[in-house]
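Notes follow once the structure below has been shown.
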Amino acid sequence: MKYEPTRLEIFLTRLAFFFCGRTVYQAFADRLPLEGGEQVLDFGSGMGTVAYYAAKKLPHGQLTCLDISERWLSVCRKTLRSYGNIIYLHWESPSLAKESFDVAYCHFVLHDISDSELERVIPELAGSLKNGGVLVFREPLNETEKLRIIKRLIEQNRLFPKDSRITDIPMMGNALECVYIKQ
Ligand SMILES: C[S@@+](CC[C@H](N)C(=O)[O-])C[C@H]1O[C@@H](n2cnc3c(N)ncnc32)[C@H](O)[C@@H]1O
1 MKYEPTRLEI FLTRLAFFFC GRTVYQAFAD RLPLEGGEQV LDFGSGMGTV
51 AYYAAKKLPH GQLTCLDISE RWLSVCRKTL RSYGNIIYLH WESPSLAKES
101 FDVAYCHFVL HDISDSELER VIPELAGSLK NGGVLVFREP LNETEKLRII
151 KRLIEQNRLF PKDSRITDIP MMGNALECVY IKQ
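Counting in UniProt numbering, the sequence shown runs from 1 upward without gaps.
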């Protein structure tokens with residue numbers, strides 16, 4: 001479902017990014033399997049919190065920041081204005097190029113998407129990964145039922161679990177982070 005953030009929401013997210021950028025978003029970006037030349041998808045990039053750190057790790061690669069919200073994408077452009085390796089993608093009716101990404105990640109995005117929309121989004125995400133590509137997500141641990149659906153859909157789409165961990169995020173509580181490989 002399309003949703004545009006309010007000014008207050010943007011302000012509060014900027015504040016959280018300012019105070020928790022390193023501990024929350026950089027920590028996640030640092031765990032992504034990046035060597036520097038990958039094609040990477042940030043699905044639901046928001047204001048570019050994770051992208052800000054992930055893009056630095058791609059001196060020879062490219063990061064696609066995708067969001068359903070035009071307003072978040074325009075804030076994202078501002079956050080990442082100093083980078084030259086970003087593509088911005090406004091995504092309403094999905095059609096990602098097949099087998100085009102080495103790594104795709106979703107950070108606090110999938111738990112907010114309806115079950116029927118997930119049935120459309122996850123196969124699209126899986127199809128956009130190259131063989132051997134990696135999908136990483138981090139979502140709130142208390143969304144038990146949603147996590148079960150997300151995992152089921154991921155595993156039905158040729159993605160195999162490689163790793164998982166629980167991280168404690170300031171003000172957001174525990175989150176589950178999972179890594180999958182496409183085979
Ligand atoms: C809670 S924010 C997280 C933003 C960012 N990943 C972060 O961790 O700061 C969720 C983001 O996902 C986007 N989003 C929600 N549903 C989406 C969909 N179906 N396709 C693409 N983006 C979506 C929202 O517009 C929003 O920017």
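All C-beta atoms, glycine included, are put in the ideal place defined by N, C-alpha and C.
A direct Cα-to-Cα measurement between L58 and V40 gives close to 9 Å. For the UniProt domain "Methyltransferase" (40-133), the full-length beta strand (DSSP E) segments reaching 3 residues or more read 62-67, 86-90 and 101-107 along the chain. Here G21 carries a helix assignment [DSSP, helix/strand/coil].
Beta-bridge annotation (DSSP): A175 is paired with P140 and T167. Annotation for V136 indicates a beta carbon at 6 Å or more from all heavy atoms of ligand 1.
Contact between the stretch 50-66 and the stretch 25-35 is present: three or more C-beta pairs spanning the two stretches fall below 8 Å.
Minimum Cα-Cα distance from E119 among the listed residues V109, P140 and I154 corresponds to I154. Between the alpha carbons of G37 and L63 lies a distance of about 10 Å. Within 6 Å of the C-beta of S69 there is at least one heavy atom belonging to ligand 1. Between the C-alpha atoms of G133 and E35 there is a straight-line separation of about 13 Å. Looking at the backbone, the Cα of S164 and that of R81 are separated by about 32 Å. Distances from the alpha-carbon of V179 to those of N85, A104, T13 and A54 put A104 closest.
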